[in-house]
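Notes follow once the structure below has been shown.
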């Protein structure tokens, strides 16, 4: 066959697939619409004037003959009949049609026509060539467990014929490698395994080179047969009817997913220990290996059930699970073991995981109290940090979950420092209390000693196991430490009052007073009510408002008259009077005495 017509942008064949702007190359096929008269006229010109005699033509309908459309070009039907098409008027309309002919040789004409519009038709034609050489290449043979032999039979017409059988190996990656070349007279390669190692070349191709070197009427040797002998490989397939369990529905982040599926050896040959792998392809199209297990050998016609389990923490949203039996070994880049086919070794499911997008709640207290920015705190406080997450699946219950917290402290006149759970010597800086369910609340206890007086800044960052932060901004609180034991002016609030009043004051140092009482007196100095320390309620270093509220009654519970009353505060630490620390309220509380107004 001569080379196909080369398309030239200046020479338009009028075909539907012209695409003259990007097809300046050899044209191998031409498409024409039967319902476009101009294209039918162009087809007539192509087969009459553009295709030289001796060239081979295959013409077929994409769907079916449109006789009316083709007859719109008056010269097309005679041109086709000149090629060898039978009387066009006798051809059935609206059915598929195909023919082959070598132009100028009507005796080579062969055709096939359908009887129904949707019928599948097929045409086989023998094409003779006048060349003195040629090649025949087989399809891929295999895969094989072992290649055992190669035989062939070529009948040359005379001794001048040259015939060579080439052996080509095909790697798993599809790369073709030359393995050997044998003269036709040899006839066989009984020790084929010495040329083709099936471990590296599971598939083979044969290529015959045929050449008549002398005859005036060339006729190379004719191949009668060639055969590859091999030990077949087994064949397995994922077979859900034999065993199947799907645990991919209704999952929330952090829950375990599970899928079990049967793998069946559908061949007559035993398989070695069977490797099964599984991947999750997440919503970003990232592939995560979640299962890689070598199972027991799989005998011929037997099946096994493998269960894949994985945590869904990383897989919020839409995902795909892919299970593959006998995958490619990542170290060797070959299939773990050879088998006949691989398309039936793969199963895939789509699944959704409900994402955890809710922020956890962070809480910080000093000695059990929520402080305000700038409050005074104990120089040896117990700082409790708690993180409460609504997700009861992803519990903060592991020592590794301390990574979800970051505590940062700025001391007076010192660089900012990260407080770690353990120091460089392995000593505990902070105590982690994991969540124990059903509530998902983890706590940290930080019990520092603040030796320096001044202002401090505590910053806490926290997130749940889904990496949801506890807030848009970090928790930050500034506080002040005064190491010496003092007490500020004790003021009553409200003042004046009608029903009750409480006492407000601030304690500094590292501990509360060991002794404290408040005496309420008339303006003449008569004590009408004495409030003991245990009545005041819990005290703390820092800002205090007593639980005790004086309701204007005396020691016996009798109501006192309206008017002005004095109160005296006595506070001691281990028998020593505590120093009073003056503030802007000193005019309302002097030398341990204060004044209050009772209104009735």
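Numbering (my numbering), first residue to last: 287 to 886. For glycine and all other residues, C-beta sits at the position ideal for the given N, C-alpha and C.
Would you report the Cα separation of residue i and residue j, rounded to the nearest angstrom?
{"i": "residue 348", "j": "residue 402", "result": "14 angstroms"}
{"i": "residue 608", "j": "residue 545", "result": "11 angstroms"}
{"i": "residue 841", "j": "residue 811", "result": "15 angstroms"}
{"i": "residue 385", "j": "residue 345", "result": "6 angstroms"}
{"i": "residue 299", "j": "residue 561", "result": "57 angstroms"}
{"i": "residue 752", "j": "residue 720", "result": "17 angstroms"}
{"i": "residue 621", "j": "residue 406", "result": "38 angstroms"}
{"i": "residue 701", "j": "residue 743", "result": "11 angstroms"}
{"i": "residue 589", "j": "residue 523", "result": "9 angstroms"}
{"i": "residue 637", "j": "residue 566", "result": "10 angstroms"}
{"i": "residue 733", "j": "residue 651", "result": "12 angstroms"}
{"i": "residue 459", "j": "residue 681", "result": "46 angstroms"}
{"i": "residue 613", "j": "residue 323", "result": "55 angstroms"}
{"i": "residue 304", "j": "residue 327", "result": "15 angstroms"}
{"i": "residue 313", "j": "residue 379", "result": "29 angstroms"}
{"i": "residue 570", "j": "residue 641", "result": "15 angstroms"}
{"i": "residue 868", "j": "residue 705", "result": "34 angstroms"}
{"i": "residue 381", "j": "residue 321", "result": "15 angstroms"}
{"i": "residue 414", "j": "residue 586", "result": "47 angstroms"}
{"i": "residue 363", "j": "residue 356", "result": "7 angstroms"}
Once you ignore the five residues that flank residue i on each side, which residues in its own chain have a CB closer than 8 angstroms to its CB?
{"i": "residue 807", "result": "813, 814, 851, 852, 853 and 854"}
{"i": "residue 454", "result": "462, 463, 464, 465, 490, 491, 492 and 493"}
{"i": "residue 723", "result": "678, 681 and 683"}
{"i": "residue 367", "result": "373 and 374"}
Which residue or residues does DSSP assign as beta-bridge partners of residue i?
{"i": "residue 758", "result": "Answer is none; residue 758 lacks a bridge partner."}
{"i": "residue 679", "result": "Beta-bridge pairing links residue 679 to no other residue."}
{"i": "residue 564", "result": "577 and 609"}
{"i": "residue 474", "result": "437"}
{"i": "residue 749", "result": "755"}
{"i": "residue 728", "result": "673"}
{"i": "residue 863", "result": "858"}
{"i": "residue 538", "result": "640"}
{"i": "residue 634", "result": "608"}
{"i": "residue 515", "result": "435"}
{"i": "residue 717", "result": "731"}
{"i": "residue 649", "result": "672"}
{"i": "residue 341", "result": "Its beta-bridge partners do not exist; DSSP assigns none."}
{"i": "residue 299", "result": "According to DSSP, which records beta bridges pairwise, residue 299 is partnered with nothing at all."}
Closest to residue i by C-alpha separation, out of the options, would be which residue?
{"i": "residue 866", "options": "831, 770, 338 and 522", "result": "770"}
{"i": "residue 823", "options": "801, 809 and 842", "result": "801"}
{"i": "residue 375", "options": "816, 785 and 354", "result": "354"}
{"i": "residue 887", "options": "537, 564 and 548", "result": "The structure shown has nothing for residue 887, since the chain only spans 287 to 886."}
{"i": "residue 573", "options": "605, 533, 599 and 581", "result": "605"}
{"i": "residue 456", "options": "882, 433 and 845", "result": "433"}
{"i": "residue 482", "options": "534, 428, 628 and 864", "result": "428"}
{"i": "residue 557", "options": "584, 329, 644 and 528", "result": "584"}
{"i": "residue 777", "options": "328, 679, 829 and 743", "result": "829"}
{"i": "residue 511", "options": "423, 882, 792 and 838", "result": "423"}
{"i": "residue 627", "options": "575, 551, 660 and 689", "result": "551"}
{"i": "residue 689", "options": "793, 755, 848 and 863", "result": "755"}
{"i": "residue 697", "options": "715, 836 and 738", "result": "738"}
{"i": "residue 639", "options": "725, 796, 568 and 835", "result": "568"}
{"i": "residue 765", "options": "730, 364, 821 and 659", "result": "659"}
{"i": "residue 669", "options": "675, 488, 871 and 657", "result": "657"}
{"i": "residue 857", "options": "843, 707, 837 and 878", "result": "878"}
{"i": "residue 397", "options": "357, 635 and 408", "result": "408"}
Whose C-beta lies closer than 7 angstroms to the C-beta of residue i among residues of the same chain, with five residues either side of it excluded?
{"i": "residue 302", "result": "317, 318, 319 and 325"}
{"i": "residue 431", "result": "484, 517, 518, 519 and 624"}
{"i": "residue 597", "result": "540 and 542"}
{"i": "residue 883", "result": "781, 782 and 850"}
{"i": "residue 476", "result": "435"}
{"i": "residue 578", "result": "563"}
Ignore the nearest five residues each way along the sequence and tell me which others in residue i's own chain have a CB closer than 6 angstroms to its CB.
{"i": "residue 447", "result": "498, 506 and 507"}
{"i": "residue 747", "result": "692 and 760"}
{"i": "residue 388", "result": "342 and 394"}
{"i": "residue 632", "result": "610"}
{"i": "residue 825", "result": "798"}
{"i": "residue 307", "result": "Summary for residue 307: the model assigns pLDDT 46, below 50, so the residue's position carries little reliability; its value from the coordinates is reported in the next sentence. Contacts found: none."}
{"i": "residue 833", "result": "823"}
{"i": "residue 440", "result": "449, 470, 507 and 509"}
{"i": "residue 673", "result": "646, 648, 728 and 748"}
{"i": "residue 437", "result": "474 and 513"}
{"i": "residue 762", "result": "745"}
Task: Uninterrupted beta strand (DSSP E) stretches inside the segment 411–469 (no shorter than 3 residues) - done: Entirely contained in the segment 411–469, the beta strand (DSSP E) runs reaching 3 residues are, in chain order, 419–423, 430–441, 447–456 and 462–469.
Open item on the list: If we require 3 or more residues per run, which beta strand (DSSP E) segments fall completely within the segment 363–419?
Closed with: Fully enclosed beta strand (DSSP E) runs of 3 or longer: 383–388 and 391–399.
Task: Ordered list of alpha helix (DSSP H) runs contained in the segment 478–507, each at least 4 residues - done: Entirely contained in the segment 478–507, not one alpha helix (DSSP H) run reaches 4 residues.
Task: 4 or more residues per run - each alpha helix (DSSP H) lying fully within the segment 804–854 - done: The qualifying runs are 819–822.
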